[in-house]
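Residue numbers (this note's numbering), protein chains in the order written: chain A, 42 to 288; chain B, 42 to 288.
Every residue gets a Cβ at the ideal spot worked out from N, C-alpha and C, and that includes glycine.
Protein chains: 2
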Amino acid sequence: MTPLSPDPASLRGLRLFSGLDAAALAEIVRSAQTRRIEKGTTIFSQGDRAALCHALIDGRVKIVQTGADGQQLVVRYIGAGEMFGTAAVFSGGIYPADALATVDCVGVHWTAATMGELMERYPRIALNALDIVGRRLQEVQTRLRELSTERVERRVAHALLRLVRQAGRRVGNGVEIDFPLSRQDIAEMTGTTLHTVSRILSGWEGQGIVEGGRQQVTIRQPHALVAIAEDLPKPEKPDDASKPGGK
Amino acid sequence: MTPLSPDPASLRGLRLFSGLDAAALAEIVRSAQTRRIEKGTTIFSQGDRAALCHALIDGRVKIVQTGADGQQLVVRYIGAGEMFGTAAVFSGGIYPADALATVDCVGVHWTAATMGELMERYPRIALNALDIVGRRLQEVQTRLRELSTERVERRVAHALLRLVRQAGRRVGNGVEIDFPLSRQDIAEMTGTTLHTVSRILSGWEGQGIVEGGRQQVTIRQPHALVAIAEDLPKPEKPDDASKPGGK
DNA sequence: CGTTCCGTTTGCGCCGGCGCAAAGAGACGC
DNA sequence: GCGTCTCTTTGCGCCGGCGCAAACGGAACG
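So this is what it looks like as structure tokens:
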């Protein structure tokens, strides 16, 4: 852990602090702690007292929840500009999951007490936090519905599209997820096994929809993935000689 | 919709307003609208602009999310003293689900603008809301993990235990869920079909663990349900062929 | 008191996807 | 360059639970 002096400009990008004036931002910057986080580092662990509110300046953090029997669920990936661990500070005070750096990161944090005071003084921060947590709640509820009602293939498609939206980087032949992502990770995001994910990706690769690598996925035909996610009949199949109107 | 003058005492019970002084509560009461809600009423619908923050004084409200293909998910049941629809007001402004009264209810509500002002003036309200939404987020994440990793029977056990905790009423022979709850509802809470739920409950009824009725469930042996939910090896079944009621 | 309606129960057959297992393929260290 | 380690791919068999469908039973209504 290497304390640094935080850069005001980087904090300005955080949604948590949007709409605040320069004075408030200055105070926020003053009270923040910045540090570099090496790939693989566990930033906090499930069950720990939630003593710090975190935000990411750069990198990618994986939030993982572990069940009593060791079963794991990838709750979400945090990207630059997003906060994490903050909801726990103000609801129960126990982190409900592990946070671990999937790549080298730069993070900032505030103590629970400091953030509490900031929120009391600048209610806008609390409202921003409410906004953010509310959106995550909606997203998780949507995932819950997907998991309840959709088949594995559609869920994987949804998960990939979600990743593209928040971590997609345009490359020559499509869009790639810009951090290490194993089949196991995808399985833990979609409630299946790495075997099934591997089979599905292999199938898609055969159709030219995606391109896989070691801890790496590139989407070549996002529209085809959308078609699968939305369960559209059949986007395009050159050989429509047999057009039965069904599957 | 019958406007009434809200009772300050009933609002004091809301977690959303805990920790506020009398003056603040008085203002909150002044700005609230109370109404009776008949069983079966849709309070708001998925996709509507989120113009009102709601709270329940009495009764039970079901929050249901519907997917593109009509598939439904019971997100949660709201009981007396709980707020609902509030997160949507401050995150996106669109209700992500339907809210419908499963019994006759009494509710209060504030306009989005009013609640926003209240939160600005009394940051404590925003912090309380953050607390509540954060807890719901944690709960939904836990359900997500259960849905990902557990078999149907355990999920149903978890769902029933959760309901007992928030809507259980002690009766002579156990604990009953104090509002109309169909097999279909349980299925939509656990990501399965009413057929499977029916089979499972029938099985449990045969073991004397629960007692079912029309839109009605009574838990006779909560500990046995816990054992199933936690996947304990086998609570005790020394004489499963002769006398199942011996506890 | 009979009819209708809705929620529930139960049998049967099928299949998506998991469990197991083993082999393949990059990445990394020495 | 070589061995090792981790991640990935793929075949095979099995089964939990869904889909379908019919029957049942209690409540509400006229």
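The Cβ atoms of B/L168 and B/V258 lie no closer than 8 Å to each other. If one requires a minimum length of 4 residues, the alpha helix (DSSP H) runs lying completely within the stretch 169-233 of chain B are 193-208, 224-231, in chain order.
Shown here, B/L141 sits in a strand according to DSSP, grouped into three states. Look at A/V174: its C-beta is under 8 Å from a C-beta on chain B. Contact between the stretch 116-123 of chain A and the stretch 154-172 of chain A is absent, with fewer than three C-beta pairs closer than 8 Å. For A/T127, the enclosing alpha helix (DSSP H) begins and ends at 127-131. For the stretch 116-142 of chain A, residues whose beta-carbon sits nearer than 8 Å to a beta-carbon of chain B comprise V116, A128, A129, F131, S132, G133, P137, A138. Contact with chain B is found for A/E161, since one of that chain's Cβ atoms lies less than 8 Å from the residue's Cβ.
When the Cα atoms are used, B/V174 and B/F131 turn out to be separated by approximately 11 Å. A contact is defined here as three or more CB-CB pairs under 8 Å, and the stretch 205-225 of chain B fails this definition with respect to the stretch 239-258 of chain A.
By alpha-carbon distance to A/H150, the top candidate from A/G232, A/E123, A/R224 is A/E123. When secondary structure is reduced to three states using DSSP, B/I78 falls in the strand class. Look at the stretch 242-264 of chain A: it has no residue with a C-beta under 7 Å from a C-beta of chain B.
Judged by beta-carbon spacing, A/L185 lies within the 8 Å limit of B/R184, meaning their Cβ atoms are closer than that value.
Here the alpha carbons of B/P164 and A/M160 stand approximately 7 Å from one another.
The beta carbon of B/V102 does not come within 8 Å of any beta carbon belonging to chain A, so the residue lies off that interface. Taking the Cα of A/F125 as reference, the smallest distance to any Cα among A/A153, A/E217, A/G108 is reached at A/A153. With respect to the 8 Å criterion, B/L188 and B/G215 are not classified as neighbours on the basis of their beta carbons. Non-local C-beta neighbours of A/I260 in its own chain, meaning closer than 7 Å and more than five positions away in sequence, comprise L201, V205, G215, V216, V251, L266, ordered along the chain. Here A/Q182 is buried: its Cβ has 16 or more other Cβ atoms, across all protein chains shown, within 10 Å.
Put simply, the CB of A/Q207 is far from chain B, with every gap to its CB atoms at 8 Å or more. Boundaries of the beta strand (DSSP E) harbouring A/L114: 113-119, taken from the DSSP string. Look at B/V105: its C-beta is not under 8 Å from any C-beta on chain A. Following the DSSP letters along the chain, one finds B/E246 inside the alpha helix (DSSP H) bounded by residues 235-247. Assigned with DSSP and collapsed to three states, A/R90 falls in strand. Around the Cβ of A/L61, a 10 Å sphere holds 16 or more other Cβ atoms; the residue is buried. Put simply, the CB of B/Q87 is far from chain A, with every gap to its CB atoms at 8 Å or more.
Relative to A/V193, the option among A/E271, A/L178, A/Q248, A/I84 whose CA is nearest is A/E271. Rounded to the nearest whole angstrom, the C-alpha separation of A/T82 and A/A142 is 5 Å. In this structure, the alpha-carbon of B/A140 lies about 12 Å from that of B/I78. An exposed status is given to A/Q248, since fewer than 16 other beta-carbon atoms sit within 10 Å of its beta-carbon. Within the DSSP secondary-structure output, A/H150 pairs in a beta bridge with A/Q74, A/H95. In this structure, B/H95 places its C-beta atom within 8 Å of the C-beta atom of B/I84. B/Q106 has its alpha-carbon roughly 25 Å from the corresponding atom of B/G157.
As the crow flies, the alpha-carbon of A/R53 is around 7 Å from that of A/S59. Interface criterion met: the Cβ of B/L188 is under 8 Å from a Cβ in chain A.
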